[in-house]
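**Q** Positions in the sequence shown are counted from 1; adding 34 to them yields the numbering used here.
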Amino acid sequence: MEEQDTIVIGAGIAGLVAARLLAAEGRRVTVLEARDRIGGRVCTERRNGRITDLGASWIHGVTDSPVAAAAQAFGLRTLEFTVGGYQPDSRPIAYYGPDGARLSDADAARFAADVHTVDAALATIVAASAADASYRDVTEAALARQDWDAERVQRVREYLEHRSEEQYGAWIEDLAAHGLDDDSIDGDEVVFPDGYGRLAEHLARGLDIRLGEVVTRLEWSERGMAVSTRDTTLRADTAVLTVPVGVLKSGDLAIDPPLPALHAGALSRLEMNAFEKVFLRFPERFWDEGVYAIRQLGPEGRWWHSWYDLTPLHDEPTLLTFAAGPAAVETRRWDDERVAASILTQLRRLFGDRVPEPVDVVRTAWQDDPYARGAYAYMTVGSTTADHDDLATPVGGVLHIAGEATWTDDPATVPAAMLSGHRAATRILGRDVAIDRLWAER
Numbered sequence: 035m036e037e038q039d040t041i042v043i044g045a046g047i048a049g050l051v052a053a054r055l056l057a058a059e060g061r062r063v064t065v066l067e068a069r070d071r072i073g074g075r076v077c078t079e080r081r082n083g084r085i086t087d088l089g090a091s092w093i094h095g096v097t098d099s100p101v102a103a104a105a106q107a108f109g110l111r112t113l114e115f116t117v118g119g120y121q122p123d124s125r126p127i128a129y130y131g132p133d134g135a136r137l138s139d140a141d142a143a144r145f146a147a148d149v150h151t152v153d154a155a156l157a158t159i160v161a162a163s164a165a166d167a168s169y170r171d172v173t174e175a176a177l178a179r180q181d182w183d184a185e186r187v188q189r190v191r192e193y194l195e196h197r198s199e200e201q202y203g204a205w206i207e208d209l210a211a212h213g214l215d216d217d218s219i220d221g222d223e224v225v226f227p228d229g230y231g232r233l234a235e236h237l238a239r240g241l242d243i244r245l246g247e248v249v250t251r252l253e254w255s256e257r258g259m260a261v262s263t264r265d266t267t268l269r270a271d272t273a274v275l276t277v278p279v280g281v282l283k284s285g286d287l288a289i290d291p292p293l294p295a296l297h298a299g300a301l302s303r304l305e306m307n308a309f310e311k312v313f314l315r316f317p318e319r320f321w322d323e324g325v326y327a328i329r330q331l332g333p334e335g336r337w338w339h340s341w342y343d344l345t346p347l348h349d350e351p352t353l354l355t356f357a358a359g360p361a362a363v364e365t366r367r368w369d370d371e372r373v374a375a376s377i378l379t380q381l382r383r384l385f386g387d388r389v390p391e392p393v394d395v396v397r398t399a400w401q402d403d404p405y406a407r408g409a410y411a412y413m414t415v416g417s418t419t420a421d422h423d424d425l426a427t428p429v430g431g432v433l434h435i436a437g438e439a440t441w442t443d444d445p446a447t448v449p450a451a452m453l454s455g456h457r458a459a460t461r462i463l464g465r466d467v468a469i470d471r472l473w474a475e476r
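What follows is the structure in structure tokens.
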């Protein structure tokens, strides 16, 4: 039976980081990856000469970001594309009202000011919220403080629903009141013209990574770990488990003994979201120059309300929109043509017959990926931020759980995955190791 010092389950960013740091310290490390590729939910499609990031796209804030530091050290090309989260006015946004007409600059500014007013009230309301409060509960309390007419309230209510969906892929009533506490960004945001997948490629260099290895069982004890795949069993002193929350909850991976109550409780309050990207590439641009996003207000925007102009990324007229939350669930079994037709109906409502048929449509399907079961995790009602850290607490001193859902400060991001992998490695080593060892020459 093969023996290692550490077995890492999953070759996503968290797993690659943990493995690379441990290997740099002289540990015998094997990475087992179920897919036929590395990267996990960092996934770049290269097809017909086009580059499309199906998973992670942005570094949301380069200030003090280990991902930004790694990208720079590895010489990865980046393009400044600051979104500022789902904000009302962080970049030039073309707003369209419920009647389909573009809002004047003054009307758009008034709407953005309303959102900022409610956000200011939200801070104290969320802080004082009950343990079982949802994001709907706290946003409704903030709206109730405003002396506005029903129409004005409804426009901001819709915006807050869309924020919940676009940030976490969850319906507003399912997201914990504290679910957006981390919605802050430091510094510019950037994207990768050559694909985010290049980061995974650099992190993987020199590692023993075995693709197509589906782990079916983990056994842990004070003597160490036994990790079983469909074909074999490997033993190690320690293991780093980096599979997504959706896989941990699926039952496809048996853990014996079962996770302790602390971990099981935290896991029960986290859930994988429903969040899919839809890229539409067009033969020519039909939307206004000088905007980075198009947004429509009102009931017609229930599903398709925001489009982001990715044209600067590859000099091809491209809009990105999201099927998020209920939209992702409802359209899950639709084919690409039906989804595109639904989106085009809304675009033509705003732009008329100027909207041509797209030349290319790319749509993700993270909900149906057996090794993800969603795009990333969110806090359900009743969850607290401590659940992220609790899930990462070492099990029996030998099993370490890492990944974006195990990092408290900025979960659901690549930096969270990277930092969680670093934390797992330092705990196994019993000492701190600088994260810049990731990009040091080996």
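Backbone N, C-alpha and C fix where the C-beta goes; we use that ideal spot for every residue, glycine too.
Give the C-beta separation of Glu67 and Arg239 to the nearest angstrom, bearing in mind that I take them to be a contact with Cβ-Cβ under 8 Å.
**A** Actually they are not in contact, since the Cβ atoms of Glu67 and Arg239 sit about 15 Å apart, beyond 8 Å.
**Q** May I ask which residues mark the beginning and end of the alpha helix (DSSP H) holding Asp402?
**A** Careful: Asp402 lies outside any alpha helix (DSSP H) and carries neither H nor E.
**Q** At 4 residues or longer, and completely inside the stretch 191-264: list those alpha helix (DSSP H) runs for me, N to C.
**A** Listed in chain order, the complete alpha helix (DSSP H) runs (minimum 4 residues) inside the stretch 191-264 are 231-238.
**Q** Does DSSP classify Glu350 as helix, strand or coil?
**A** If DSSP states are grouped into helix, strand and coil, Glu350 belongs with coil.
**Q** Give me the Cα-Cα distance between Arg125 and Thr116, rounded to the nearest whole angstrom.
**A** C-alpha separation (whole angstroms): 8 Å.
**Q** If we ignore side chains and look at the alpha-carbon of each, how far apart do Ala357 and Arg382 end up?
**A** Those two C-alpha atoms are separated by around 18 Å.
**Q** Closest to Leu237 by CA distance: which of Arg461, Met452, Val149 is it?
**A** Of the listed residues, the one whose Cα sits closest to Leu237 is Met452.
**Q** Could you give the residue range of the alpha helix (DSSP H) that holds Arg383?
**A** Counting along the chain, the alpha helix (DSSP H) containing Arg383 begins and ends at 370-385.
**Q** With distance defined between alpha-carbon atoms, name the residue in Arg336, Ala57, Leu287, His212 nearest to Gln188.
**A** Among Arg336, Ala57, Leu287, His212, the Cα nearest to that of Gln188 belongs to Arg336.
**Q** Taking only three categories from DSSP, how would you classify Arg71?
**A** The answer is coil: DSSP assigns Arg71 none of H, G, I, E or B.
**Q** Would you mind listing the beta strand (DSSP E) stretches within the stretch 282-351 that are 3+ residues and don't spill past its ends, in chain order?
**A** With a minimum length of 3 residues, the continuous beta strand (DSSP E) runs that stay inside the stretch 282-351 are 288-290, 304-306, 309-315, 327-330, 340-343.
**Q** Name the two residues that bound the continuous beta strand (DSSP E) containing His434.
**A** Counting along the chain, the beta strand (DSSP E) containing His434 begins and ends at 433-435.
**Q** Is the stretch 411-429 touching the stretch 299-316 in the sense that three or more CB pairs, one from each, lie closer than 8 Å?
**A** Contact holds: three or more Cβ-Cβ distances are below 8 Å.
**Q** Kindly confirm or deny that the stretch 138-155 and the stretch 337-348 touch, where touching means at least three C-beta pairs closer than 8 Å.
**A** No contact exists between the stretch 138-155 and the stretch 337-348.
**Q** How is Thr538 classed by DSSP in three states: helix, strand or coil?
**A** This structure cannot settle anything about residue 538, because the visible part of the chain is limited to 35 through 476.
**Q** Can you tell me whether DSSP reads Gly46 as helix, strand or coil?
**A** Gly46: strand per DSSP, three-state reduction.
**Q** Are the stretch 66-84 and the stretch 218-234 in contact at 8 Å, needing three or more beta carbon pairs?
**A** Verdict: yes, contact present.
**Q** Please state whether DSSP places Arg84 in a helix, a strand or coil.
**A** Three-state result, Arg84: strand.
**Q** Between Val363 and Ala210, is the Cβ-Cβ spacing less than 8 Å?
**A** Against a cut-off of 8 Å, the Cβ pair of Ala210 and Val363 comes out as no contact.
**Q** Helix, strand or coil for Asp444, going by three-state DSSP, please let me know.
**A** Correct three-state label for Asp444: coil.
**Q** In its own chain, which residues sit with a C-beta less than 7 Å from the C-beta of Pro428, not counting the 5 before and 5 after it?
**A** The residues are His434, Arg461.
**Q** Could you have a look at Val415 and say whether DSSP puts it in helix, strand or coil?
**A** Coil at Val415, not helix or strand.
**Q** Measuring straight from C-alpha to C-alpha, what distance separates Glu334 and Arg367?
**A** If I take the Cα positions, the gap works out to 21 Å.
**Q** Which residue from Ala406, Tyr412, Ala90 puts its Cα closest to that of Glu223?
**A** The option with the nearest alpha carbon to Glu223 is Ala90.
**Q** Between the stretch 456-475 and the stretch 53-62, can you find at least three pairs of beta-carbon atoms closer than 8 Å?
**A** Short answer: they touch.
**Q** For Thr144, count neighbouring Cβ atoms within 10 angstroms of its own Cβ and tell me buried if that reaches 16, exposed if not.
**A** The amino acid occupying residue 144 in the given sequence is Arg; Thr does not appear at that position. That one is exposed.
**Q** For Leu7 and Ala375, what's the separation of their Cα atoms in angstroms?
**A** The chain is shown from 35 up to 476; residue 7 falls before or after that span and cannot be answered.
**Q** For Asp123, which option in Asp141, Gly280, Leu177, Gly213 has the closest C-alpha, if you only look at C-alpha atoms?
**A** Among Asp141, Gly280, Leu177, Gly213, the Cα nearest to that of Asp123 is on Asp141.
**Q** Would a C-beta distance cut-off of 8 Å place Arg269 and Val248 closer than the cut-off?
**A** Cβ atoms of Arg269 and Val248: not closer than 8 Å.
**Q** Assign Gln380 to buried or exposed, taking buried as 16 or more other Cβ atoms, counted over all protein chains shown, within 10 Å of its Cβ.
**A** That one is buried.
**Q** Starting from Arg465 and walking both ways along the alpha helix (DSSP H), at which residues does that stretch end?
**A** Segment: none, Arg465 is in no alpha helix (DSSP H) and carries neither H nor E.
**Q** Please state if the CB of Ala184 and the CB of Tyr412 are separated by a distance shorter than 8 Å.
**A** It is not a contact, given that the beta carbons lie outside the stated cut-off.
**Q** For Glu37, write down the residues that DSSP places opposite it in a beta bridge.
**A** In DSSP, Glu37 forms a bridge with Arg269.
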